[in-house]
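A.B. asks: Protein sequences appear in the order of chains P and X. According to the working numbering, the residues represented by the first sequence are 1 to 514, in order. According to the working numbering, the residues represented by the second sequence are 10001 to 11148, in order. Have a look at the structure that comes next, please.
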Amino acid sequence: MKTIIRSTVILSFLVGLNSCSKFLEINPTTQVSEQEFYKNEQEVMMGLYAIMDDAQNGLMEVFSYASLLSDESETGGGIGEGVYKEKYDRFTFDPTTSPAWWNEWDYGLYNGVTSCNILISKLGQSSLPATFTNAISAEAKFHRALFYYHLFMGYEQFPLIGDRLAPSQIYSVKKGTREEIYQFMMNDLSNDVIQYLPEKGSTQKGRISKDAARVLRAKIVLFQRDEQAYPTALADLKSIIASNRYALLPDYTKLWLKEGEFSAENIYDITYAGNNTGEGNGLGRALSGRGVIDPRSAAQGGLLEGYGQNTMPSTIYKMFKPGDTRREGTVIDYKKEIDKVNALVAAGQLEPSAAFRIQTNQENFEWLGHYKYHARKENATDVNPLNNYSMPFRFFRYADVLLLAIELQVRSLGQVDAEGQAWFNQIRDRAFQNANNRISLQGLSKTDALNRLFEERGYEFIDEMQRWFDIMRFDKGTEILAAKGWTEKFRYFPIAQKEIDASKGALDQNPGWK
Amino acid sequence: MYKKLMACYGKSPNSDSIKLLMMLKFILLLVVLSTTQLTAKVFGQRASINSKNISLKRLFEDLRKQTGFHFLYLEEDLAGSKPVSLSMNNAELETILDKALSPQSLRYFVRNNRIVIEKAPLKEQHVMVAEVKEQKKEISGVVVNAQGLPMQSVTVLLKGTALKTMTDSKGAFSLELNGKDAVLHFTAVGFKAQEVRVTNERSIRVMLEDQVSDLTEVVVVGYGTQKKSVVSAAISRVTADELDLGNPTNVQNALKGKVSGVQITSESGQPGANSKIRIRGTGTVNDAGPLYIVDGMPSYSGINYLNPSDIESIEVLKDAASAAIYGARGANGVILVSTKKGRQGSPTQMNYEFTYGIQNPERKINLLNSIDYQMLMNEMAQNSGKSPYFPTPSTVNTDWQEALTYKNAPLKNHKFSLSGGTDKSSFYASFSNVEQSGIFGKGYSDYERTNARLNYSTTLMDKDSRNWLNKVVFTTIANYAKERRKGSDIGNSEAGGLIASINMLPPTEAIYQTDPAKIKQYQQNFPNYIVAPNGMPYNIIDLNEINNPLAAIQVNNNQLRTPQYFGSNMNVDVSILPGLKLKSSLGLDWAFNSRRKVTPVYDLNTNNKNLNSIVEDLKSDSKFWQVENVLSYTKSWNKHNLNLLAGTTMSSYFYSDLSGTDYDLLVVDLNKAYIDIATGDRANERVNGGASEHKLVSVFGRASYNYDEKYLFEAVMRRDGSSNFGPKHKYAVFPSVSAGWVLTKEGFMANRPGWLDFAKIRASWGQNGNEAIGAFGYTSNMSVGYNAVIDGKVLTGAKTSGYVNEDLKWETSEQTDIGLDLRLFNGKFSFTADYFVKNTKDMLLWMQLPEYTGFRSMRVNYGAVRNEGVELEASYKATINKVNFGIGANASYVKNVVSNIGPDRVGLDIIGGGLGGTVTWMESGKPYGFFYGYVHDGIFQNMNEVNAHVNSKTGSLIQPNAKPGDVRFKDVNGDGSLDGNDRQMLGKPNPDWTFGLNLHADWKGFDVQAFLQGVAGNEIYKFYRRVNITQANWDGSWLDRWHGEGTSNWMPRLVEGDPNHNTTWVSNLFVEKGDYVRLKVLQVGYSLPEAAVKKLWMSRLRVFAQGENLWTWTKYSGYDPEVGTRNGFDGGTYPQAKIFTIGASVTF
């Protein structure tokens, strides 16, 4: 007994008085510390993937807002559900109700900016080979410019954060002026930077190339209306055209199908995956028709369902001129889908009982749908398809290069030359599948030419996250959107009151909303 | 052993009918402890003494060595004793003691193998039992305690004489009386004295009641116990009797309203739900819940897994002085739970209790019926320029509250316990099972808990022959609990969920779909529509997240969670030298959780579909160990009493989990919710897992000193090291000091009025810490899951986890307390009051960051919260005409103010989705979590009023979007425009007053208890209708909406899109008073007369009926004024059930 007691006493004291600082050292179980990270190329790549994640999710949130703001869609969703989007559709938003794409939900463009800043700062201190770090840094800077560009088009003024913020800097950020923000984006896309980007031919699907950077640069120049930069931007686009790396896909309507993915027309795609990874294209879910049940197979062009959150208005359908294949390549007429299915039934290619069904309980529903990013069986997996639609988003197309180049010609030279006319003919010929519908831009006044270009961009780019920005760039707000309530005040969003509150005085409201 | 048991009850088995019962007892006894023995024979011991002029102490020591009996006495009682000279050989112990003590004004009695020496009452002095002479009549009897067990060593005195005797081990006594009529006076320490008049009886039975005297009461303090009379800190104690009132199913509910300064708010009325506990106000934004210590072990699983009946007492350490011994974790107070132990030398006692209850919602919300709903919907459409929603009236009128209520939901509770002890060991064993169904969602909200516990203590060594290393006691506790939760948590969310559904579902929607055409449509559009168990298809309600809730729970709540807790403590108490003790303890806890779920293929509505059946299985386990060594030293000399304590403790907690999800099940059955039931493509299955760790190392010490129990001093110091902090701030020190002054001990108080028994004033100051944050807040880690798709492949991205605060350190709370304890009128009235100021600084806060930072929040040490308040506790007991009354009341007032956060206003609870933004905030000078928003300033009755609401300088409209019927918001800052700067404080979530009132009366076996509890001075932000569910129902208050000039000046018009922000701005339109008083328990019981019970071989049988949450007085219009989940923000709270219970409790 004595021995037991003695050993208990001694042991317990030994345990109790053991050195404790070692004991208190614990290590993260499912994470690694930042200091140990970014040490090799694979880890740096993981930093880049995080940035691309922000492009694939956060950036694409811009679509639904911009689509409602413009005339390309009406508030959709179930009956009554859209009340909250109507503020964008009808221009009734204000600082308390509109964070918009600064950060309305969990995604926001600043998440992307931050991801870029972190990686760029890490690469600045990296001892990895310069060929590698320069290339990845350039890719991060492209994305930073891309995120800032959309903030720029949305808010004009906002905190311009060019580096990873230290905790002590959080409440001392400064809003950039329009000029500062523009210069910042142009620096991120300067030749010094983009020289490290790969050529299109050696780019993986979903990653960027020099050409993508050039297109983005041209678009930013145009939005900023930096006349001095027009010639360089034009030269950039001409070099893309001259490279012969790209061509318009002959059939506009096929561009949006599986066979049109990563075609010669695509310059930059934002990509998605199926397989229940949760990395699907959210637009498929948001835009596709409610409760679509389509008996057709993937090969037969079977469609899948979505929430119908942005309703396709008939005004878009009616806008197209007869013979323009872009109408069928932009708008689905669900009634025609019913007919197509019935025809397949009649031809014995589907069961006699098979029928195409869609629910009509959608706000402002006119039996029309979004063709380009409608969910299709060819792009879905069996499990949880709604979250696994895998069609890539054709972010920059060669058609845009052509039309931007013409626009730069008009804006810098005041008119379109023969080369520009030839580019325009390519667009028109493809759209109408013949050369009989060409329109001559040559000889038009600058204003008329721009008006004509704006109209053509409308036919070409509905549902491609271009329309709202085009309306603003061409100053067509009053013309097109006054009926919906647009006034100059709504050119840019206000900074959300929530954000001003959280910034502890670092931010004040933007002009126009004060 | 069988015989001994019989002997204990003084009878032998003579009836076959009870044999079964006896067998049961016998088996249980065997199972629990084969060593159980019954009270040993006490007297009959002999000893020899041959000493001159020895002190009584010395005599007792000699006698102890010879007889083995321990002597218990208070030093002060022996202070004036004279030395004794005795010469006795082989004399009976009684004889020796009589000789030694009778000239000393002292008396003795024997209890539990100990001889207790105490001062004799004046009358008894110089009188000896042997002086009794004349004998005329003999009375005999038995004395029992409240549990019906025989009491030994009770003094029985014939009133008016010196004639007295003591009860034997069977509680029996006999006394010869002088005449026919006599009054017997029964006394025993720790029991209320009782007088019994005897006339013709020859034999009587007397029951003595426990005397709860606060003066001798002992309270549990950190690492030890203290006499309540010398405690100088603020500690409240709740005993088993108080806790057990109302037969609670969980401990937190049992504690509600019973302790001043402790506010307990239920988070949900769902069975098994937790409560929010705040001791002395909300001290921090961080985890403001207290530290739970169960039998010395900190509990990571709270206390709700315990069986309330296993608890002997709960001590709430409220001030810094009492909690400082728990340093790092004591900032929000400490709740010490002590479970029941057996008593050494007490006979085995068996107790069984069964209760059955039925539960119903306490109240119904006033929601619109179908006709009113249609009227308002059409009116809203009209106001919005739309065609009416119901051009032809719908005849459907569904009461969704009724449809989802599980009427008379059952509650069953079985409790069984067994306790007892021998002279060397003691045990307490218990087993219990609770089954409770939720009052909503029948079959999908079921709770069951099973508890088993064994507390065992044994003396390993007790050597009298030396005074060093002479005693070792080993104690072990083993407990097991298993919960079974079927269904899902029915959360309190405004976004969706059951309660929100009830609030928003249109009454025009039917439960079932009976229209064949519609069903046909379902078959086409919703091929996986849900069919109810009764064979009828559920009506599909297509309002986004709001769908048919009956269908939704049927497909989404097939979940079973089975948390299990296993805990064991082993303690060794070693007496090293006189006064010096070592306690070493090892505690081990394991908690296992399993969550299994199946989801069938379904179409609930357009936005809620599931195309593949799913099985999910999650397992988690956590391991915790703690090693503790505490040295304590007690020394008393003259009138000095010193107690020193020093100890070390280290503990480690590790948690890990693993979960899997797979698809396309062979069969959808909750009983088969295991991954292998899935047949889906393996590429689709998902596996997740994670782990976390927490370690603490501490040293602590305490010095207590008192002079003559008059001047009390105590100092505590604890140094903690926590793995949650970085190298810069791993360790922190927490000190405290306290002092007390017992006025009634002072000489100048000698002539105090007779009603003033005891008065003490005390004061304390100290610091405590809070480290309840996750690990690695001080360093930046990479987090993964930011995935990109390249070339069709999903690639895992990584990003730093956020902003890093390397200087992250302990949150500190500093508290000053001044208290007063009074006992009046012979202990009938007791009163305690405390005034405290508690400052929490460097709060560990998840600071919401501006979104341009790219991260939501960052951990910082930021700001301070000051809680200042008063606590009052009073109780009164009296007996009038054989009716015993008791009343206990407590109340506390807390004033809560946030300070030191500069000009910042920090958002806390948010209504997302652009539906209002942040509701609750903290800001310097304001209460924590105050509501902040726009001020409703009436309704625009007409366009003229809209046009009159202008900026006085520019003449522009302040509310340009307003139409008649819209809310006029106050231009608070008078700048002529309405923006964020026009918001102001609209209310606060924390009450000023929290109170409880307990009433008790018993008479001749009948007893009645009532318990009320409530709060006052708080507000609730009630948000039951989301504007983006256009077709959501309204509550009755909307019938008073504006619908024409002069119709309302408070409720605005109905309009879609809410252009004027009538309902999408945070405003006082949603703020209501949260005061309530609730009749928590009303219980009536009857204990069967002893004679009747005896025949059934029981010592006690009580039956009772009770109602719980019978009535709530409140003006709040929501389901329940107890809003525990978010700071007073109520998006639909699962209410407390009203429960009617009947039960019976049997003691053998």
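Note that the Cβ used here is the ideal one computed from N, Cα and C, for glycine as well. Keep in mind that this is a model prediction, so the values were computed, not measured.
#1: Three or more C-beta pairs closer than 8 Å, one from the stretch 70–77 of chain P and one from the stretch 10810–10819 of chain X: is that the case here?
#2: CA-CA distance, P:GLU366 and P:GLY306?
#3: Considering only C-alpha positions, which residue in the set X:LEU11110, X:ASP11007, X:ILE10911 and X:GLY10925 is nearest to X:GLY11128?
#4: For the beta strand (DSSP E) containing X:MET10847, list its first residue and its last residue.
#5: Return the first residue and the last residue of the alpha helix (DSSP H) that X:MET10782 is part of.
#6: Would you mind listing the beta strand (DSSP E) stretches within the stretch 10607–10693 of chain X that are 3+ residues and don't spill past its ends, in chain order?
#7: Specify the secondary structure class of X:ALA10891 as computed by DSSP and reduced to three states.
#8: Which residues in chain X sit within 8 Å of P:ALA502, going by Cβ to Cβ distance?
#9: Are the beta-carbon atoms of P:ILE208 and P:TYR268 separated by less than 7 Å?
#10: Strictly under 7 Å for the Cβ-Cβ distance: is P:SER73 near chain X by that measure?
#11: Show which residues of chain X have a CB atom less than 7 Å away from the CB atom of P:ILE26.
#12: Within its chain, find whatever has a CB closer than 7 Å to the CB of X:LEU11082; leave out the 5 residues flanking it on each side and keep chain order.
#13: Name the residues in the stretch 303–336 of chain P whose C-beta lies less than 9 Å from a C-beta of chain X; which are they?
#14: Here's the rule I'm using: 16 or more other beta-carbon atoms within 10 Å means buried, otherwise exposed. How should X:HIS10640 be labelled?
#15: Is X:LEU10028 helix, strand or coil by DSSP?
#16: With DSSP run on the structure shown, which of helix, strand or coil describes P:ASN379?
#17: Could you check the C-alpha separation between P:LYS85 and P:GLY77 for me, to the nearest Å?
#18: Against chain P, does X:ILE10790 count as a neighbour if the rule is that its beta carbon must be under 7 Å from one of theirs?
#19: Please state the DSSP three-state secondary structure of X:PHE10173.
#20: So if I threshold CB-CB distances at 7 Å, which residues from the stretch 10591–10623 of chain X count as touching chain P?
#21: Mind pulling the alpha helix (DSSP H) runs of 4 or more residues that sit fully within the stretch 10399–10457 of chain X?
#22: Please check the pair X:GLN10959 and X:LEU10986, which I expect to be a contact at CB under 8 Å, by giving their CB distance rounded to whole angstroms.
#23: Do you know offhand how far P:ALA449's Cα is from P:ASN425's?
#24: Can you tell me where the beta strand (DSSP E) with P:HIS150 in it begins and where it stops?
#25: Which parts of the stretch 10861–10948 of chain X are runs of the beta strand (DSSP E), unbroken and 3 residues or longer, counting only runs that do not cross its ends?
#26: What residues of chain X sit near P:VAL341, judged by a beta carbon separation below 7 Å?
#27: For the alpha helix (DSSP H) containing P:MET52, list its first residue and its last residue.
#28: Using the Cβ count rule (16 or more neighbours within 10 Å means buried), how would you classify X:GLN10374?
#29: Is the shortest distance between the beta-carbon of P:ASP269 and the beta-carbons of chain X less than 7 Å?
#30: So for P:PHE356, helix, strand or coil by DSSP?
#31: Taking 7 Å as the CB-CB limit, is X:PHE10758 close to chain P?
#32: Where does X:LEU10986 sit, in a helix, a strand or coil, going by DSSP?
#33: Indicate the three-state DSSP secondary structure (helix, strand or coil) for P:TYR366 in the structure shown.
#34: I'd like to know whether the C-beta of X:ASN10684 is nearer than 7 Å to at least one C-beta of chain A.
#35: Counting only Cβ-Cβ distances shorter than 7 Å, please list the residues of the stretch 107–131 of chain P near chain X, keeping chain order.
#36: What does DSSP give as the partner residues of X:VAL10294 in its beta bridges?
C.D. replies: This is what the structure holds:
#1: no
#2: 16 Å
#3: X:ILE10911
#4: 10844–10848
#5: First-last for X:MET10782: 10781–10784, but that is the beta strand (DSSP E), not the alpha helix (DSSP H).
#6: 10608–10610, 10614–10637 and 10640–10663
#7: strand
#8: Those are GLN10848, LEU10849, PRO10850, GLU10851 and GLY10907, listed as they occur along chain X.
#9: Taking 7 Å as the Cβ cut-off, P:ILE208 and P:TYR268 qualify as a contacting pair.
#10: no
#11: GLU10693, LYS10695, SER10723 and ALA10775
#12: ALA11010, GLN11106, GLY11107 and LEU11110, listed in sequence order.
#13: GLU305, TYR307 and GLY308
#14: Using a 10 angstroms sphere on the CB of X:HIS10640, the tally of other CB atoms stays under 16, which defines it as exposed.
#15: Because the pLDDT of X:LEU10028 is 43, which lies under 50, any placement of that residue in the model is unreliable, and the number read from its coordinates should be weighed accordingly. Three-state result, X:LEU10028: helix.
#16: helix
#17: Roughly 10 Å separates the two Cα atoms.
#18: yes
#19: strand
#20: THR10606, ASN10607, LEU10611 and ASN10612
#21: 10400–10404
#22: So it is not a contact: roughly 19 Å between Cβ atoms.
#23: Our two residues, P:ALA449 and P:ASN425, have alpha carbons roughly 14 Å apart in a direct line.
#24: It is not in any beta strand (DSSP E) - P:HIS150 instead sits in the alpha helix (DSSP H) that spans 130–155.
#25: 10864–10880, 10883–10899, 10905–10907, 10920–10923, 10930–10933 and 10936–10939
#26: Chain X residues near P:VAL341: none, gap ~13 Å exceeds 7 Å.
#27: 41–54
#28: buried
#29: Contacts with chain X at 7 Å (Cβ-Cβ) do not include P:ASP269.
#30: coil
#31: no
#32: strand
#33: One detail in the question is off: residue 366 of chain P reads as Glu in this sequence, not Tyr. It is coil, neither helix nor strand.
#34: Structure shown: chain A not included; protein chains present are P and X.
#35: Within the stretch 107–131 of chain P, the residues whose Cβ lies closer than 7 Å to some Cβ of chain X are GLY108, TYR110, ASN111, VAL113, THR114, SER115 and ILE118, listed in chain order.
#36: In DSSP, X:VAL10294 forms a bridge with X:MET10297 and X:VAL10337.
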